[in-house]
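Presented below is the structure to which this report refers.
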Amino acid sequence: MTHFRLLTQNGQGHDADEEQLAIEVLTGLTAEPKHLSAKYFYDDKGSEIFQKITQHPDYYLTNKEVEILTRISCQLAHLIDEQEIDIIELGAGDGHKSQLIIDGFLKSGCKVNYYPIDISEKAMVMLRENIRPDSSLAIHGVVAEYFEGLKLVRSQSSNRQLVLFLGSNIGNFNREQSQGFLRKLWMSLSASDYILTGYDLKKDVNKLTAAYNDGSGLTAQFNLNLLHRINQELGGNFKPDKFQHYGIYNPVLGAMESYVLSTEKQEVYIKALQRVFHFDAYEPIHLEYSFKFTKKDIEDLCEQTGFTLVQNFTDANEHFIDSLWQVTKEV
Numbered sequence: 002m003t004h005f006r007l008l009t010q011n012g013q014g015h016d017a018d019e020e021q022l023a024i025e026v027l028t029g030l031t032a033e034p035k036h037l038s039a040k041y042f043y044d045d046k047g048s049e050i051f052q053k054i055t056q057h058p059d060y061y062l063t064n065k066e067v068e069i070l071t072r073i074s075c076q077l078a079h080l081i082d083e084q085e086i087d088i089i090e091l092g093a094g095d096g097h098k099s100q101l102i103i104d105g106f107l108k109s110g111c112k113v114n115y116y117p118i119d120i121s122e123k124a125m126v127m128l129r130e131n132i133r134p135d136s137s138l139a140i141h142g143v144v145a146e147y148f149e150g151l152k153l154v155r156s157q158s159s160n161r162q163l164v165l166f167l168g169s170n171i172g173n174f175n176r177e178q179s180q181g182f183l184r185k186l187w188m189s190l191s192a193s194d195y196i197l198t199g200y201d202l203k204k205d206v207n208k209l210t211a212a213y214n215d216g217s218g219l220t221a222q223f224n225l226n227l228l229h230r231i232n233q234e235l236g237g238n239f240k241p242d243k244f245q246h247y248g249i250y251n252p253v254l255g256a257m258e259s260y261v262l263s264t265e266k267q268e269v270y271i272k273a274l275q276r277v278f279h280f281d282a283y284e285p286i287h288l289e290y291s292f293k294f295t296k297k298d299i300e301d302l303c304e305q306t307g308f309t310l311v312q313n314f315t316d317a318n319e320h321f322i323d324s325l326w327q328v329t330k331e332v
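Numbering-wise (the numbering used here), the sequence shown opens with residue 2 and increments by one.
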């Protein structure tokens, strides 16, 4: 029987989260140009919509990564070669991809402690429904920000760690932020721990654009849900039907960019901020970058952030790479 428990970070809870959201919304909507942070996409509703996006045929990234992980799951276990391991996932989603990796370790006779870390408790519920029980598998759901969660896991266990950061989440950071995030991750881990990170590779622009403007309008729903969230949590009066989603590839940055545009001149009041925000017709709110990579970009990032590149794994079309790195520290 699978052992499942839920761990939560010690903190100020909901009030502190709401205050942080309020501060970032105020900062973003008074900036020029306006912007909102992509990290607030993933409330319970957002997580639910995103799971649907990952199953849409236009959104190739998930299928390509599943292809890779299905092929390499046993190979990963042999490369890492431990009797017991902590597999920690940053941004767990529904657990479908993690299950593939976990199965590879279980088949090799390795005991697995799985620690999914996600700010959404709904993600933990979905994950609990999807990951199959096994006597060698203990699951400890961690509802926390990534680095708080990593501290919490380290306080629970001193096993070798494999950190999963899948699904091209690294692409949501610009190059400088990627380096900062990976250095912080390096600092949080012990010598010889591993990370497996997903990178979406540069490719035909039409394929990229279709993935972020899916034919069913799920990406539009996902982005506009952020306005619903502000309404719900901060007392905003956004009318999401007066905004439209827009996703475009920027070849200079090497990134997909996501916006919502105000379709008319309008004012939005947010009660928690006691402030009115003015929008011109077709004024954008920038929501997200999704940076794309070359193999050299991945190698450079690895070298710059204190890791050793163990192996790159790619799909048959070379659309996506899962890259296995090991922490290098002088003891």
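Built from N, CA and C at the ideal position, the CB exists for glycine as well.
Span of the beta strand (DSSP E), counted from its first residue to its last, around residue i
i, result
"residue 164", "162 to 166"
"residue 313", "308 to 315"
"residue 131", "Not the beta strand (DSSP E): residue 131 falls in the alpha helix (DSSP H), residues 122 to 131."
"residue 199", "195 to 201"
Under the three-state DSSP convention, the category residue i falls into
i, result
"residue 112", "strand"
"residue 237", "strand"
"residue 214", "coil"
"residue 263", "strand"
"residue 251", "strand"
"residue 324", "strand"
"residue 283", "coil"
"residue 37", "coil"
"residue 6", "strand"
"residue 332", "coil"
"residue 205", "coil"
Integer-rounded CB distance, given that residue j should sit under 8 Å from residue i
i, j, result
"residue 1", "residue 161", "Residue 1 is absent from the structure shown; the chain starts at 2 and stops at 332."
"residue 133", "residue 100", "7 Å"
"residue 90", "residue 151", "At roughly 11 Å, the Cβ-Cβ gap does not stay under 8 Å, so residue 90 and residue 151 are not in contact."
"residue 265", "residue 277", "Actually they are not in contact, since the Cβ atoms of residue 265 and residue 277 sit about 16 Å apart, beyond 8 Å."
"residue 262", "residue 241", "The pair is not a contact, with the Cβ atoms about 12 Å apart (cut-off 8 Å)."
"residue 120", "residue 43", "6 Å"
"residue 328", "residue 159", "The Cβ separation is near 14 Å, so there is no contact."
"residue 77", "residue 94", "Incorrect: roughly 19 Å between the Cβ atoms, too far for contact."
Counted within 10 angstroms of its Cβ, other Cβ atoms place residue i as buried (16 or more) or exposed
i, result
"residue 141", "buried"
"residue 188", "exposed"
"residue 13", "Low confidence applies here, because residue 13 scores a pLDDT of 46, under 50, leaving its location unreliable and the question unanswered by this model."
"residue 156", "exposed"
"residue 41", "buried"
"residue 282", "exposed"
"residue 215", "buried"
"residue 202", "buried"
"residue 179", "buried"
Among the options, the one whose alpha carbon lies nearest that of residue i
i, options, result
"residue 289", "249, 265 and 190", "249"
"residue 96", "78, 63, 256 and 73", "63"
"residue 255", "225, 239, 205 and 246", "205"
"residue 270", "31, 7, 6 and 125", "31"
"residue 243", "167, 88 and 280", "280"
"residue 296", "239, 82 and 310", "310"
"residue 22", "50, 202 and 233", "233"
"residue 172", "318, 298 and 28", "298"
Range of the contiguous alpha helix (DSSP H) that encloses residue i
i, result
"residue 79", "61 to 81"
"residue 1", "Look at the range of the chain in this structure, 2 to 332, and you will see that residue 1 is not part of it."
Residue i beta carbon near the ligand MN (any heavy atom closer than 6 Å)
i, result
"residue 54", "With respect to the ligand MN, the structure shown offers nothing to examine, as it has no ligands at all."
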